[in-house]
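> In terms of the working numbering, the sequence shown opens at residue 3 and continues consecutively.
Note that beta-carbon positions come from the ideal geometry of N, C-alpha and C, so glycine has one too.
Just so you know, these numbers come straight off a predicted model, no measurement behind them.
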Amino acid sequence: MRTETEHTIYLRDYAPSPYKITAVDLDFRILADTTRVRALLTIEPQAETAPGTPLVLDGDGLKLGSVAIDGAPLALVAYAADDNGLTIIEPPLRRFVLETEVMLKPEGNLKLMGLYRSSGTWCTQCEPEGFRRITYYLDRPDNLATFKVTMTAPRDLAPVLLANGNLVGRGDAGDGMHFAVWEDPFPKPAYLFALVAGDLGSITDSFTTASGRKVDLAIYCEHGKEDQCHWAMDSLKRSMAWDERRFGREYDLDIFNIVAVSDFNFGAMENKGLNIFNDKLVFAQSATATDADYENIERVIAHEYFHNWTGNRITCRDWFQLCLKEGLTVYRDQEFTSDERSRAVKRISDVVTLRSAQFPEDGGPLAHPARPDQYREINNFYTPTVYEKGAEIVRMLATLLGEAGFRKGMDLYFERHDGEATTIEAFLAVFAEANDVDLEQFKTWYLQAGTPRLTMSDSYDAASQTYTLTLSQETLPTPGQPTKQALVLPIKFGLIGPNGSPMGWSAVSGGEVRDDMIVLREASAEITFKGIANKPVPSLLREFSAPVNLDTNLTQDDRLFLAQHDSDPYGRWQALQDVATALAVGAATGKPWSDASVNGLSRAMADTLANKDLDDAFKALALSLPGEALIGRTIGKDIDPARIHEVRNALTKAVFSPLGRDLLIAYTNLSSTLPYQPDAASTGRRALRNRVLALLVGSEAAGASALAATQYSEATNMTDRYAALTILGSAWTAEAPTVLADFRTRFTANPLVFDKWLMVSSLAQDEGVLERIKAILAAPDFPKSNPNRLRSLLGSFVMSNPAQFTRPDGAAFRFVTDVVADIDTRNPQVAARVLTGFRIWQMLEPQRREAARSALTALQDGGKLSRNTADILARMLAE
Ligand SMILES: [Zn+2]
Numbered sequence: 003m004r005t006e007t008e009h010t011i012y013l014r015d016y017a018p019s020p021y022k023i024t025a026v027d028l029d030f031r032i033l034a035d036t037t038r039v040r041a042l043l044t045i046e047p048q049a050e051t052a053p054g055t056p057l058v059l060d061g062d063g064l065k066l067g068s069v070a071i072d073g074a075p076l077a078l079v080a081y082a083a084d085d086n087g088l089t090i091i092e093p094p095l096r097r098f099v100l101e102t103e104v105m106l107k108p109e110g111n112l113k114l115m116g117l118y119r120s121s122g123t124w125c126t127q128c129e130p131e132g133f134r135r136i137t138y139y140l141d142r143p144d145n146l147a148t149f150k151v152t153m154t155a156p157r158d159l160a161p162v163l164l165a166n167g168n169l170v171g172r173g174d175a176g177d178g179m180h181f182a183v184w185e186d187p188f189p190k191p192a193y194l195f196a197l198v199a200g201d202l203g204s205i206t207d208s209f210t211t212a213s214g215r216k217v218d219l220a221i222y223c224e225h226g227k228e229d230q231c232h233w234a235m236d237s238l239k240r241s242m243a244w245d246e247r248r249f250g251r252e253y254d255l256d257i258f259n260i261v262a263v264s265d266f267n268f269g270a271m272e273n274k275g276l277n278i279f280n281d282k283l284v285f286a287q288s289a290t291a292t293d294a295d296y297e298n299i300e301r302v303i304a305h306e307y308f309h310n311w312t313g314n315r316i317t318c319r320d321w322f323q324l325c326l327k328e329g330l331t332v333y334r335d336q337e338f339t340s341d342e343r344s345r346a347v348k349r350i351s352d353v354v355t356l357r358s359a360q361f362p363e364d365g366g367p368l369a370h371p372a373r374p375d376q377y378r379e380i381n382n383f384y385t386p387t388v389y390e391k392g393a394e395i396v397r398m399l400a401t402l403l404g405e406a407g408f409r410k411g412m413d414l415y416f417e418r419h420d421g422e423a424t425t426i427e428a429f430l431a432v433f434a435e436a437n438d439v440d441l442e443q444f445k446t447w448y449l450q451a452g453t454p455r456l457t458m459s460d461s462y463d464a465a466s467q468t469y470t471l472t473l474s475q476e477t478l479p480t481p482g483q484p485t486k487q488a489l490v491l492p493i494k495f496g497l498i499g500p501n502g503s504p505m506g507w508s509a510v511s512g513g514e515v516r517d518d519m520i521v522l523r524e525a526s527a528e529i530t531f532k533g534i535a536n537k538p539v540p541s542l543l544r545e546f547s548a549p550v551n552l553d554t555n556l557t558q559d560d561r562l563f564l565a566q567h568d569s570d571p572y573g574r575w576q577a578l579q580d581v582a583t584a585l586a587v588g589a590a591t592g593k594p595w596s597d598a599s600v601n602g603l604s605r606a607m608a609d610t611l612a613n614k615d616l617d618d619a620f621k622a623l624a625l626s627l628p629g630e631a632l633i634g635r636t637i638g639k640d641i642d643p644a645r646i647h648e649v650r651n652a653l654t655k656a657v658f659s660p661l662g663r664d665l666l667i668a669y670t671n672l673s674s675t676l677p678y679q680p681d682a683a684s685t686g687r688r689a690l691r692n693r694v695l696a697l698l699v700g701s702e703a704a705g706a707s708a709l710a711a712t713q714y715s716e717a718t719n720m721t722d723r724y725a726a727l728t729i730l731g732s733a734w735t736a737e738a739p740t741v742l743a744d745f746r747t748r749f750t751a752n753p754l755v756f757d758k759w760l761m762v763s764s765l766a767q768d769e770g771v772l773e774r775i776k777a778i779l780a781a782p783d784f785p786k787s788n789p790n791r792l793r794s795l796l797g798s799f800v801m802s803n804p805a806q807f808t809r810p811d812g813a814a815f816r817f818v819t820d821v822v823a824d825i826d827t828r829n830p831q832v833a834a835r836v837l838t839g840f841r842i843w844q845m846l847e848p849q850r851r852e853a854a855r856s857a858l859t860a861l862q863d864g865g866k867l868s869r870n871t872a873d874i875l876a877r878m879l880a881e
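#1: Does the Cβ-Cβ distance between threonine 44 and valine 104 come in under 8 Å?
#2: Have a look at Asp218, Phe209, Asp229, Pro481 and flag the residue whose alpha-carbon is nearest the alpha-carbon of alanine 243.
#3: Measuring alpha carbon to alpha carbon, tell me which residue in Gly700, Gly178, Arg748 is nearest methionine 720.
#4: State yes or no: is the C-beta of alanine 423 within less than 8 Å of the C-beta of threonine 317?
#5: I want to see whether chain B comes within less than 8 Å of proline 739, judged by CB atoms only; does it?
#6: Between which two residues does the alpha helix (DSSP H) harbouring methionine 519 extend?
#7: Taking only runs of the alpha helix (DSSP H) that begin and end inside the stretch 654-738, which ones reach a length of at least 4 residues, in chain order?
#8: In this structure, what does DSSP give as the bridge partners for threonine 470?
#9: At the level of alpha carbons, what is the spacing between arginine 4 and alanine 813?
#10: Name the two residues that bound the continuous beta strand (DSSP E) containing methionine 105.
#11: Looking at glutamate 394 and ligand 2, is the gap between the Cβ and the nearest heavy atom below 7 Å?
#12: Taking the C-alpha atoms as reference points, what is the distance between proline 374 and alanine 488?
#13: How would you write the range of the alpha helix (DSSP H) that methionine 153 sits in, first residue to last?
#14: Mind checking whether the beta-carbon of threonine 670 lies closer than 7 Å to any heavy atom of ligand 1?
#15: Which of the three DSSP states is assigned to lysine 639 in this structure?
#16: Here's the rule: buried if 16 or more other CB atoms are within 10 angstroms of the residue's CB, otherwise exposed. What is threonine 871?
#17: May I have the straight-line CA-CA distance separating leucine 114 from arginine 409, to the nearest angstrom?
#18: Answer with buried or exposed for serine 264, where buried requires no fewer than 16 other C-beta atoms within 10 angstroms of its C-beta.
#19: Hey, glycine 87 and glycine 61: beta-carbon distance below 8 Å or not?
#20: Let me check understanding here. Comparing Cα to Cα, which of Glu442, Gln483, Ala400, Asp553 lies closest to leucine 471?
#21: Less than 8 Å between the C-beta atoms of alanine 199 and tryptophan 124, yes or no?
#22: List, from N- to C-terminal side, the alpha helix (DSSP H) runs of 4 residues or more that fit wholly inside the stretch 739-778.
#23: Roughly how many whole angstroms lie between the Cα atoms of glutamate 427 and proline 454?
#24: Report the rounded CA-to-CA distance for threonine 7 versus aspartate 320, giving the unit in angstroms.
#25: Name the DSSP beta bridge partners of methionine 179, please?
#26: For a test of the three-state rule: what should DSSP assign to alanine 212, helix, strand or coil?
#27: Buried or exposed: where does valine 170 fall if 16 or more other Cβ atoms within 10 Å of its Cβ makes it buried?
#28: According to DSSP, cysteine 318 sits in a beta bridge with which residue or residues?
#29: Please classify glutamate 328: is it buried, with 16 or more other beta-carbons within 10 angstroms of its beta-carbon, or exposed?
#30: Suppose contacts are defined by Cβ-Cβ distances below 8 Å. Is proline 367 in contact with arginine 841 by that definition?
#31: Return the Cβ separation of valine 490 and glutamine 450 in integer angstroms, given the expectation that the two are a contact with Cβ distance under 8 Å.
#32: Give the range of the beta strand (DSSP E) segment to which alanine 83 is assigned.
#33: I'd like the list of long-range same chain contacts for leucine 202, defined as Cβ closer than 6 Å, with 5 residues on each side in sequence excluded.
#34: If you draw a straight line from the alpha carbon of glycine 176 to that of threonine 154, how long is it in whole angstroms?
#35: Just grab the DSSP bridge partners of arginine 240 for me.
#36: Just to confirm, does glutamate 272 get its C-beta within under 7 Å of one of the non-hydrogen atoms of ligand 1?
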């Protein structure tokens with residue numbers, strides 16, 4: 003165990019280590035219950051290191067067996083070992099080899115960091131600080147070393163032996179044991195180390211790079227599941243080809259392996275040449291995986307593969323720079339999906355994700371900059387801000403520089419920093435240099451937390467034919483950042499004339515306007531367009547070109563006009579969202595909607611459904627009302643999630659009941675008897691049909707829930723079956739208990755489908771949901787150590803069932819904090835993640851707020867929490 007002292011690490015304290023490890027030779031002897039690790043580390047002092055400077059290696063929970071330098075065992079007085087590491091008091095001031103030996107017990111490692119066993123397979127997770135649970139090391143990303151790994155293991159338990167790099171030797175080791183030797187020629191930080199040993203099946207393929215090199219590809223998994231890995235393999239090959247086409251990046255080793263494991267804290271991990279995946283992001287077949295699963299698998303396979311260049315070849319100097327690899331790589335995977343599928347649909351989906359996952363974080367007690375400047379527990383910074391906002395920042399950079407300018411910067415980044423551990427400053431510098439621009443103000447996006455509010459008002463003067471847009475930006479204080487600076491906002495826009503056509507202008511003044519983009523750098527600007535014959539309707543923030551909250555003086559009629567005429571699909575979708583949000587927020591705060599205002603939205607929805615120029619996937623998104631959490635955040639304070647839930651249901655009914663006949667016809671026309679295909683068009687068709695079904699049930703159309711029950715039982719793929727299950731389960735209709743029970747027994751043997759059952763069970767909108775969740779968790783056979791199961795049941799409840807999670811009696815708050823305390827004793831990362839569901843507590847109305855405070859305080863008073871959970875709790879409760 004590590005001592006859980008309060009210890010904050012600051013970016014400003016960064017200093018290079020006085021020693022560097024340049025080569026690592028690891029020898030793992032894996033036996034059924036213990037693993038012996040012998041490490042030979044080639045170590046050199048830095049040029050400026052003074053004689054007598056101790057060498058401090060990280061270690062976490064290791065038991066030192068022996069320690070030697072250049073083959074000579076060290077005297078007891080020459081070193082000190084404790085729970086946090088190993089110190090060599092006075093190492094030689096020259097190159098030397100440190101040899102250590104430790105014993106591990108992977109079986110009992112329930113934190114799933116370091117070396118552990120998942121369903122019998124030995125595997126590792128080292129990012130960010132897991133390698134120090136394997137051996138003593140400079141466990142920091144700026145130490146790059148070459149790795150050679152020898153693994154010896156029982157042949158029957160582990161016929162497959164994998165590590166990073168290329169396989170350079172293998173053979174028999176006697177006594178039923180065998181060995182393999184792997185060498186990775188590319189120097190890398192220890193967080194990219196990986197090892198897998200187990201009895202696994204596999205599928206293989208190959209990819210020939212643009213320069214003609216053949217790469218052997220394999221995906222390993224539990225025996226019997228090989229046929230579920232083909233979609234992942236297909237996604238991998240398309241990712242490899244895309245990175246060559248779009249960024250000129252080829253793969254560099256002779257082998258690329260992926261391993262699927264069932265117990266994993268993250269989605270997947272980009273270890274050099276040996277990616278380890280949570281199995282839910284590998285297995286796909288139409289009977290058990292939904293379209294969303296297919297798209298997620300494709301996205302994450304691509305993401306981890308793209309890390310080979312943005313993360314592995316060029317890595318982070320320290321963990322404060324995490325968004326250097328994550329924001330950039332999320333941007334790259336978003337672009338991949340946009341190119342492979344529909345760009346507009348992908349953009350809207352990403353905006354929905356950003357608003358539901360990142361904006362609440364940015365506006366609450368856990369707000370932090372994309373590049374934080376301090377942390378107590380780095381595991382708590384694998385956040386939507388680092389990933390999703392990090393990607394938005396890269397996207398703005400690409401928007402400001404244009405596609406060619408962005409590519410020039412990326413090319414220079416690869417050229418200049420390949421093989422280095424670097425920083426956000428170095429990343430921005432290449433774009434500034436390649437494009438001869440100043441990015442000093444742009445950098446503030448990385449340093450400043452909080453979602454800016456962009457406010458727009460407009461006026462038209464018919465006499466002078468001038469049109470004026472007044473824009474201003476403001477970012478509210480966030481924890482530790484009381485004052486904020488103005489940011490560079492790229493605002494894509496267009497002016498639309500009364501006939502629905504785009505309008506041009508003869509001159510513009512008062513701001514930086516480039517064709518279809520305003521660049522706002524100041525706190526406010528007044529931009530005047532000349533030669534405007536009629537009052538236009540502005541379409542602002544097209545493609546959601548900056549991650550801000552936008553307030554405008556547009557009327558509901560203006561928004562309905564945009565929903566019909568905006569040439570930007572995102573703009574159309576957003577206009578419908580804005581109309582609906584205004585109605586819902588009004589009703590939830592005592593200003594009920596008028597029939598006329600609802601009818602306008604109803605007609606716009608009918609037009610959208612009937613429009614033959616729009617594709618199905620877009621329509622499915624356009625016909626979705628804003629979520630309860632978004633409505634709550636728009637209200638901003640003293641929110642009552644139960645009231646919002648009622649209002650949203652009433653709005654669904656009011657808007658979509660008049661469309662009942664159209665919806666039924668669409669539902670029938672969209673059905674298909676063709677075999678399942680995961681392509682974009684088929685996926686879009688199913689998405690729209692299932693959306694239509696949800697609207698029929700949501701607007702309580704006659705026979706709708708029976709129709710959903712029929713779809714559930716007659717479905718020929720998981721997408722349609724799961725959609726019907728979710729619709730019935732979350733509305734908790736009369737059919738819900740029966741279909742849920744059927745689903746449970748139909749897929750008893752499949753843990754990933756069990757997760758879907760857990761999710762739907764936790765999303766039910768009735769008051770009985772809490773007791774049912776308690777019963778599920780209390781069942782003796784519930785796998786309480788598996789992150790996927792826990793996240794499916796509890797993560798979905800706290801994040802996606804606001805009305806029931808925030809019950810005014812506080813029963814659900816207390817239940818969740820009790821469960822967090824229990825999970826924390828085994829897996830602190832999962833416990834801390836579940837606890838973040840409380841991040842909206844300060845926005846609740848007083849009774850709920852007090853109930854939440856009391857549950858959080860009781861958890862804190864109970865003491866004995868991990869650093870992960872204690873850190874989240876302390877930030878959550880800070881005044
Ligand atoms: Zn990543």
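With the structure as the only source:
#1: Between threonine 44 and valine 104, the CB-CB gap reaches or exceeds 8 Å.
#2: Ranked by Cα distance from alanine 243, the first of Asp218, Phe209, Asp229, Pro481 is Phe209.
#3: Of the listed residues, the one whose Cα sits closest to methionine 720 is Arg748.
#4: A contact, by the Cβ cut-off of 8 Å.
#5: Looking for chain B here will not work: only one protein chain is present.
#6: For methionine 519, no alpha helix (DSSP H) encloses it; the enclosing beta strand (DSSP E) starts and ends at 519-522.
#7: List check, alpha helix (DSSP H) in window: 662-671, 682-700, 706-716, 720-733.
#8: Per DSSP, Ser461, Thr530.
#9: No answer about arginine 4 holds up, because its pLDDT of 40 lies below 50 and its placement is not dependable.
#10: Segment 98-106, the beta strand (DSSP E) holding methionine 105.
#11: This structure lacks ligand 2; its bound ligands are ligand 1.
#12: Counting only the Cα atoms, alanine 488 lies some 19 Å from proline 374.
#13: Run containing methionine 153: none in the alpha helix (DSSP H); it sits in the beta strand (DSSP E), 147-156.
#14: No, Cβ of threonine 670 sits at least 7 Å from all heavy atoms of ligand 1.
#15: In the structure shown, the three-state DSSP call for lysine 639 is coil.
#16: With 16 or more Cβ atoms within 10 Å of its Cβ, threonine 871 is classed as buried.
#17: When rounded, the distance between both Cα atoms is 38 Å.
#18: Buried, by the Cβ-count rule.
#19: Yes.
#20: Looking at the Cα atoms, Asp553 is the closest of the given residues.
#21: Yes, the pair counts as a contact, with Cβ atoms nearer than the cut-off.
#22: As for any alpha helix (DSSP H) of minimum length 4 sitting wholly inside the stretch 739-778, the runs are 753-765, ordered along the chain.
#23: Looking at the two C-alpha atoms, the distance is approximately 22 Å.
#24: Reliability fails at threonine 7, whose pLDDT of 47 lies under 50, so the model's placement of it is uncertain and no value is given.
#25: Looking at the DSSP assignment, methionine 179 forms a beta bridge with Pro156, Gly176.
#26: Correct three-state label for alanine 212: coil.
#27: Counting the other Cβ atoms within 10 Å of the Cβ of valine 170 gives fewer than 16, which makes it exposed.
#28: Note: cysteine 318 sits in a beta bridge opposite Thr424.
#29: By the neighbour-count criterion, in which a residue is buried when 16 or more other Cβ atoms sit within 10 angstroms of its Cβ, glutamate 328 is buried.
#30: Going by C-beta atoms, proline 367 is nearer than 8 Å to arginine 841.
#31: About 11 Å; that fails the 8 Å criterion.
#32: From DSSP, the beta strand (DSSP E) with alanine 83 extends over 81-84.
#33: If we look at leucine 202 and ignore the five residues flanking it on each side, its Cβ neighbours are Val162, Tyr222.
#34: Cα-Cα distance, rounded: 10 Å.
#35: DSSP output for arginine 240 lists no bridge partner at all.
#36: Yes, Cβ of glutamate 272 sits closer than 7 Å to a heavy atom of ligand 1.
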